[in-house]
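Structure, as structure tokens:
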Amino acid sequence: IFWQWPVGSLSLSASHNRNREDSWFKSLFVRKVDPRKDAHSHLLAKKEDNNLYKIQFHNVKPECLDAYNKLCEDVLPSIHADPEYPCELVGTWNTWYGEQDQAVHLWRYRGGYPALTDVMNKLRQNKEFMDYRNERGKMLLSRRNQLLLEFSFWNEPVPRSGPNIYELRSYQLRPGTMIEWGNYWARAIEFRQQNHEAVGGFFSQIGSLYMVHHLWAYKDLQSREDTRNAAWQHEGWDEVVYYTVPLIQHMESRIMIPMKSSPLK
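For the record, in the sequence shown the residue sitting at position 5 is 5 according to full-length UniProt numbering, with numbers rising by one throughout.
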């Protein structure tokens, strides 16, 4: 006696076996996700304070750069010094090497997002600031900004005497690698504190995501070269570079000169 299986049953069985084989095959290459109980920002940012930072990049018409700098020097320090505004101007610069005719401003909001909202609402009622914005708009080619948190293992940026030049190194990381970056740089920062060149380290929350900014201070370009070369004499620095380079999609370096009104001289 010969049994004949229904054609439909054979087709379903074969399809089921193929699906199981495909799932097993794919499982060899798909990394299991480790469940986390907290957001990356909570794991990487400082917990003892509630600081939020804003970095602004203004591309200025070349013929307007001097007038733009004068306008900023007339208005920004007054906002920084007014206790009604829970914000501080950390530093303000012109790019020297990198994107030309550019201004960079870094603000700190003590109190996080509520402080930012409070400042923005008050500035809309500030006639001097609104006049400044209108006049500034005539001088700009483009502008962009980001909201940032500071890494827990970096020092908080504080005013320093000069003269100094500043380097802003910006890294676009591959998505999903921020924790790995933070783990390596929590050790690496120890190698870059010898000459007090480390000013601040930040990662983006709003704007371009998976962005990291490291801010350094040097006396001049030669001291920058000497300081960076000296880091390679520390055991472990080469390992940090080796393992963090593959995490980067794009990187950029700006050498910046402080404006007269900058607390970071």
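Ideal placement from N, C-alpha and C gives every residue a C-beta, glycine not left out.
Ignoring anything shorter than 4 residues or poking outside the stretch 100-140, list the alpha helix (DSSP H) runs there in chain order.
-> The DSSP assignment places complete alpha helix (DSSP H) segments of no fewer than 4 residues inside the stretch 100-140 at 112-123, 127-137, in order along the chain.
Straight-line CA distance for residue 258 to residue 62?
-> Counted from its first residue, the sequence shown places residue 258 at position 258. Counted from its first residue, the sequence shown places residue 62 at position 62. Between the C-alpha atoms of residue 258 and residue 62 there is a straight-line separation of about 18 Å.
At least 3 beta-carbon pairs within less than 8 Å: the stretch 145-160 vs the stretch 173-180 = Three or more beta-carbon pairs separated by less than 8 Å are not found between the stretch 145-160 and the stretch 173-180, which leaves the two stretches without contact.
Helix, strand or coil: how does DSSP classify residue 59 here?
-> Translated into the one-based positions of the sequence shown, residue 59 becomes position 59. The three-state reading of DSSP puts residue 59 in strand, counting E and B together.
Residue 157 and residue 104 look like a contact to me (Cβ under 8 Å); what is the Cβ gap, rounded to whole Å?
-> Here residue 157 is taken as the residue at index 157 of the sequence shown, counted from 1. Here residue 104 is taken as the residue at index 104 of the sequence shown, counted from 1. In fact, because the Cβ distance is near 13 Å, the residues do not count as touching under 8 Å.
For residue 203, the residue or residues it bridges with in DSSP = On the sequence shown, residue 203 is found 203 positions in, with the first residue counted as 1. BP columns for residue 203 point to 149, 212.
What do you get for residue 256, buried or exposed, if any count of 16 or more other CB atoms within 10 angstroms of its CB means buried?
-> Start at 1 with the first residue of the sequence shown, and residue 256 comes out as number 256. A residue is called buried when at least 16 other Cβ atoms come within 10 angstroms of its Cβ; residue 256 meets this threshold and is buried.
Per-residue DSSP class, three states only, for residue 177 | Counted from its first residue, the sequence shown places residue 177 at position 177. Looking at residue 177 - three-state DSSP - the assignment turns out to be coil, as it is neither helix nor strand.
Leaving aside the five residues before and after residue 35 along the sequence, list all residues of the same chain whose C-beta is less than 6 Å from its C-beta, in chain order.
-> If you number the sequence shown from 1, residue 35 lands on position 35. Interpretation of residue 35 is limited by its pLDDT of 47, a score under 50 that renders its predicted location unreliable; no figure is taken from the coordinates.
Between residue 113 and the rest of its own chain, which residues show a CB-CB distance below 8 Å, the 5 nearest in sequence each way excluded?
-> Indexing the sequence shown from 1 puts residue 113 at position 113. So the qualifying residues of the chain are 52.
Helix, strand or coil at residue 54 [DSSP, three-state] | Counting from one through the sequence shown, the residue named residue 54 turns up at place 54. If DSSP states are grouped into helix, strand and coil, residue 54 belongs with the strands.
Determine the DSSP secondary structure at residue 193, reduced to helix, strand or coil.
-> The count along the sequence shown starts at 1 and reaches residue 193 at position 193. In this structure, residue 193 counts as coil in the three-state DSSP scheme.
From 97, 101, 129, pick the residue whose C-alpha is nearest to that of residue 80; which is it?
-> On the sequence shown, residue 80 is found 80 positions in, with the first residue counted as 1. Looking at the Cα atoms, 129 is the closest of the given residues.
Give the single residue among 125, 164, 248 whose Cα lies nearest to the Cα of residue 210.
-> One-based indexing of the sequence shown puts residue 210 at position 210. Nearest C-alpha to residue 210: 248.
Stretch-stretch touch, CB-based, cutoff 8 Å, three pairs: the stretch 71-78 with the stretch 230-249 | No, the stretch 71-78 does not touch the stretch 230-249.
Kindly indicate which residue of 102, 149, 87 has the alpha-carbon position closest to the one of residue 121.
-> Along the sequence shown, one-based indexing puts residue 121 at 121. When the alpha-carbon of residue 121 is set against those of 102, 149, 87, the nearest one is in 87.
Residue 91 and residue 253 closer than 8 Å at C-beta = What you label residue 91 is simply residue 91 of the sequence shown in a count that begins at 1. What you label residue 253 is simply residue 253 of the sequence shown in a count that begins at 1. No. Outside cutoff.
Leaving out five residues on either side along the sequence, give the residues of the same chain with a beta carbon under 6 Å from the beta carbon of residue 182.
-> Numbered from its first residue, the sequence shown carries residue 182 at position 182. Excluding residues within five positions, the ones whose Cβ falls inside 6 Å are 44.
Using only alpha-carbon positions, find the residue among 69, 100, 163 that is nearest to residue 59.
-> Here the question's residue 59 lines up with position 59 in the sequence shown. When only C-alpha atoms are compared, the closest one is 100.
State yes or no: is the C-beta of residue 162 within less than 8 Å of the C-beta of residue 260?
-> Here residue 162 corresponds to residue number 162 of the sequence shown, with the count starting at 1. Here residue 260 corresponds to residue number 260 of the sequence shown, with the count starting at 1. Between residue 162 and residue 260, the C-beta spacing is not below 8 Å.
Option in 192, 191, 204 with minimal Cα separation from residue 170 | Locating residue 170 in the sequence shown gives position 170, where the first residue counts as 1. When only C-alpha atoms are compared, the closest one is 204.
Report the residue from 215, 218, 69 whose alpha carbon sits nearest the alpha carbon of residue 135.
-> Reading the sequence shown from its first residue, position 135 is the one you call residue 135. When 215, 218, 69 are compared, the shortest CA-CA separation from residue 135 is found for 69.
Residue 167 - DSSP class collapsed to helix/strand/coil | Your numbering for residue 167 matches position 167 in the sequence shown. If DSSP states are grouped into helix, strand and coil, residue 167 belongs with the strands.
Buried versus exposed, by CB contacts within 10 Å (16 or more), residue 29 = For the purposes of this step, residue 29 is identified with residue 29 of the sequence shown, where counting begins at 1. Legend: pLDDT at residue 29 = 43, less than 50; position of this residue unreliable, no value from coordinates given.
Three-state secondary structure (DSSP) at residue 234?
-> Stepping through the sequence shown from its first residue, residue 234 is reached at position 234. Three-state DSSP puts residue 234 in coil, outside helix and strand.
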